[in-house]
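Read in order, the letters of the sequence shown correspond to residues -17 to -1, 1 to 848 in mature numbering (1 follows the signal peptide of the UniProt record, and there is no 0).
Where is the CB? At the ideal position from N, CA and C, for every residue including glycine.
This report concerns only the one structure given below.
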Amino acid sequence: MNSLVWLGLLIILPVSGIDNQVCKLQAHPRIAELSKNGDIILGGIFNLHSGSYELSHSYTRLPDEIHCRSFSLGSFRLAQTMIFAIEEINRSNTLLPNITLGYRIYDDCISSRIATKAVLALVNGEDKTVSDLKCPAHNKVTAIVGCDGSSQSIAVARLIGPFRIPMVSYYSTCSCLSNRREYPSFFRTIPSDYHQSELLVQLVKKFRWTWIGTIRSNNDYGRFGMQAFVKSVEKLGVCIAYAESFHRTDPREKVSQIVEVIKGATTKVIVAFISVTEMRILLKEIVHKNVTDLQWVGSEAWVTAQVLPPEESATFLVGTIGPTIRRRKVTGLQDFLLKIHPTLFPGNFVIEEFWETAFDCILKIKNFTDQEKYPKQCSGEENLLEATDKYLDRALRGNSYNVYKATYALAHAFHKMFSCENTKRSSTNDTCANITHFEPWQVLQNLQSVHFTTKAGDHVYFDENGDAVAIYDLVNWQTNVNGTVEIKIIGYYNGTSTNDEKLVFNEESITWTTEQKTVPRAICSESCLPGTIKVSKRGQPICCFDCVQCADGEISNTTDAIMCLTCPPRYWSNQGKDQCEKKKVEFLSYGEILGTVLATLAITGVCLTLAIAALFFKHRSSPIIKANNSELSLLLLLSLTLCFLCSLTFLGEPSAWSCMLRRTAFGVAFVLCISCVLGKTIVVLVAFKASRPNNKMLKWFSAKQQRLTIFALTFVQCFTCTLWLTISPPFPVENNMYYREIIIVECDMGSLTAFYCVSGYIALLSCLCFVLAFIARKLPDNFNEAKFITFSMLIFCVVWIAFIPAYVSSPGKYTVAVEVFAILASSFALLVCIFGPKCYIILIKPEQNTKKHLMGKETSNKRAI
């Protein structure tokens, strides 16, 4: 204890010339505003005044005393609650029997500097001189109730912590004070801001607010409380639109700037960790600028206070929601407070200041005699009653109950310490003691294990950090039937419950800002629907983003997705980009219109060819059939039938067998067809040459040689196709080049060299046949077949020449359709041009189907074949 003599502001130095060593205070000691002696003295520190100021600053002399201002009725009531609890304990026969508690209560004026001087006065005493460097026994204060503000409690707790002097706060909620290493002797009967921040975080999470504004006090309460809140909500993805801080001493210009920020912000939900005084300052400016529709989420420091007149509260504060300390009525406290009267405390300036502040008409107070000292104007008995009601209202709130519990907690610690069975233990770790000798650390250890039940039925105990059980009521500002604002309890928070059961409230009973029944929206950007992803806006918080649709082939199937998912290989995104659907498989099928038309043309060509073959077979003995080599004609009709049939292999879904068949069938059938046409062309030329005298060419191109030539030409193509199928045959593939959302099943050529050889061979025979037919087109006869062959081959070549660019430029199934059309067109050209005239003579002009007509000489001297 004596070590504190050397601390800080109250320095004690020896005075020479005195026999006994005497120490003298070098600064003016603080005098307790309220005090009473007892066997054990409890210290108290309250904000009896709500502000302080210094007259001047000088570095040439000692600084002036700090002067307090603005008497605080609320803090005075709290101090009286401590006195009431001490008086009640002194009357108890079970708690600290035969021991009287005294008190020494100081005012800190909401100043850490004054609070430091007050605690030094509590532990050192108020004597100006101390002999033998020993503190008088009656000055020993081994436990303290206080302080109000967190900043003051931090200053005091750091000062007394090394000496293990217990301190129980009734209103300091800063979570930083739960640090046992820095504040080993600090306790409190009010919940820590950690639990309050957790409650507010759960509200934000419950109402799905992601874009909020914050305002805090520029002190330890605001800094640590808001820090814990922001740290938690950021883990939930909540963004802070603006974070403002201010102090009650800030100029109005700064407050005005803060209100302008609030007014221009895109969010109307504001979480405010500030004091009552600061809230009044802020709301005064908000009312001045008529900023309405704000959804306030308040801390317990102001959420139940009357910060605006009733008519303005109905406009600017309806819908406010926040936690408050659970109220408990302290039995007998109201009667005790009503008995406080200056006549009972003569000369006590604090009591006198209280009466001057609390009541407008103190001349009408019963039994008050010193009327000349208070020449006040009287404004009516009703003002006295109104002031009395206002005075008592806050006295019965949660803070008074917390002071009551703090005082009783210390009393129970003393009682436990003095109730040990053996009070003569010598161990230094002994927590037992007697009234004549005990140390603060003994009180501290007993206080840590205190567990008692109040008259209201609440269990009071402290956890390992010195914190009380966190129990809050959740309140909401609502308008009643009279049009005035009242604060209603809508739920509660119990810190001892599990996470899911800590906060319980009825959402339907909440009234929101502008008296809506729906939860206000607090988002910077609307949620991105499935099919889109969030893309942050440059230079803005992550809650502000644009919704960008996923690219083709990608999806997002959740709300507010941050990346698109690529669909599997055979799947593609739907139109909404929120699901992967199987890609449409495309090929030229029989079922679609184009496939049906082409298949019908192919079958028509086959039927027509077979009909002509039947007609030729029926009239095989007629002169025109015999004259045109019936064997070659029938073989040509057979090859044309194969050409028509091979076009059908291009229809339907490609498979390994169909891919091989379509290419080889096409190559062989057309080579056979062109070989027959080439044979007929050669026969025409040879027949014309053979009709001249001494020409024996016809015997070198008999029917046997014709068959052998056709076989040889066709065999070359068959051999090439066999090599093709053996080395690298065509095979089906899925093509995504044309349409990424459509799978085009087509046939890959396999060996491009083999394909070019097969196609080139057909082109070579076609060109040769066309040239020979062109040479023979003007041979004189009545029925020159070379003319029709020339015309048919001309059409054949034009079709396939036009096919090349159409084939290259046609996508997907239309590539196959172009090829099938070219096959059918060229086949029909050969069929119609070569066999059409013959059928015309057989069916329409049978009189010309005579040997005489075909071989007779007429005026034109034509020669029949």
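Under the rule that a run must span 3 or more residues, the beta strand (DSSP E) segments found entirely inside the stretch 441 to 488 read 442 to 444, 454 to 462, 468 to 477 and 486 to 488. Excluding residues up to 5 positions away in sequence, ARG199, GLY205, GLY208, MET209 and SER282 lie with their Cβ nearer than 6 angstroms to the Cβ of PHE256 in the same chain. By the 16-neighbour rule on beta-carbons within 10 angstroms, MET776 is buried.
Take PHE649, set aside five residues on each side of it, and the residues of its chain with a beta-carbon closer than 6 angstroms to its own are CYS629, in chain order. A direct Cα-to-Cα measurement between LYS399 and ASP483 gives close to 37 angstroms. When SER215, GLU509 and GLU261 are compared, the shortest CA-CA separation from LYS237 is found for GLU261.
Secondary structure at VAL791: helix, using DSSP grouped into helix, strand and coil. Between ALA68 and THR390, the C-beta gap is smaller than 7 angstroms, which places the two residues in contact. The Cβ-Cβ distance between GLU636 and VAL728 falls below 7 angstroms. Between the stretch 216 to 225 and the stretch 275 to 295, the count of C-beta pairs closer than 8 angstroms stays below three; the two stretches do not touch. DSSP, reduced to helix, strand and coil, places ALA226 within a strand of the structure shown. With distances taken between CA atoms, LEU581 lies nearest to LEU634 out of LEU634, GLU830 and LEU186.
Between LEU625 and ALA652, the C-beta spacing is below 7 angstroms.
Only residues of its own chain outside the window of five on either side were considered, and among them ILE538 have a CB closer than 6 angstroms to the CB of LEU548, listed in chain order. At a cut-off of 4 residues, the continuous stretches assigned as alpha helix (DSSP H) that sit fully inside the stretch 686 to 718 are 686 to 710. The beta strand (DSSP E) runs lying completely inside the stretch 193 to 250 and spanning 3 residues or more are 194 to 200 and 222 to 229, given in chain order. DSSP places GLU564 in the uninterrupted beta strand (DSSP E) bounded by 563 to 565.
Across the structure, ALA505 and THR467 are spaced so that their CA atoms are roughly 27 angstroms apart. For the 7 angstroms CB-CB criterion, GLN135 and ALA104 do not form a contact. Taking a cut-off of 8 angstroms on C-beta distances, the stretch 486 to 504 touches the stretch 450 to 463, as three or more cross pairs fall below it.
As DSSP reads the structure, ALA255 sits in a beta bridge with ILE198 and GLY281. For THR250 against GLY196, the beta-carbon gap comes to about 6 angstroms, under 8 angstroms, which counts as contact. Going by beta carbons, ALA812 and ILE778 fall inside the 7 angstroms limit. According to the DSSP assignment, TYR744 belongs to the alpha helix (DSSP H) that extends over 735 to 758. Within the same chain, and ignoring the five residues on either side of PHE627 in sequence, the residues whose Cβ sits closer than 6 angstroms to its Cβ are ALA585, GLY588, VAL589 and SER810.
In the structure shown, the three-state DSSP call for THR314 is coil.
For the 7 angstroms CB-CB criterion, THR692 and CYS752 do not form a contact. ASP176 sits in a helix when the DSSP states are folded into three classes. Here ILE758 is actually not in contact with ILE607; their C-beta atoms are around 23 angstroms apart, not less than 8 angstroms.
Annotation for ILE127: the continuous beta strand (DSSP E) segment containing it runs 124 to 128. Counting C-beta pairs closer than 8 angstroms gives fewer than three between the stretch 181 to 195 and the stretch 153 to 168, which falls short of the contact rule. Nearest to ILE308 by C-alpha distance, out of PRO325, GLU569 and THR287, is THR287.
Contact annotation: ALA394 and ILE72 have beta-carbon atoms nearer than 7 angstroms. SER508 has its alpha-carbon roughly 14 angstroms from the corresponding atom of ARG521.
Remark: C-beta atoms of SER622 and LEU655 approach each other more closely than 7 angstroms. Going by C-alpha positions, THR275 is about 37 angstroms away from GLU339.
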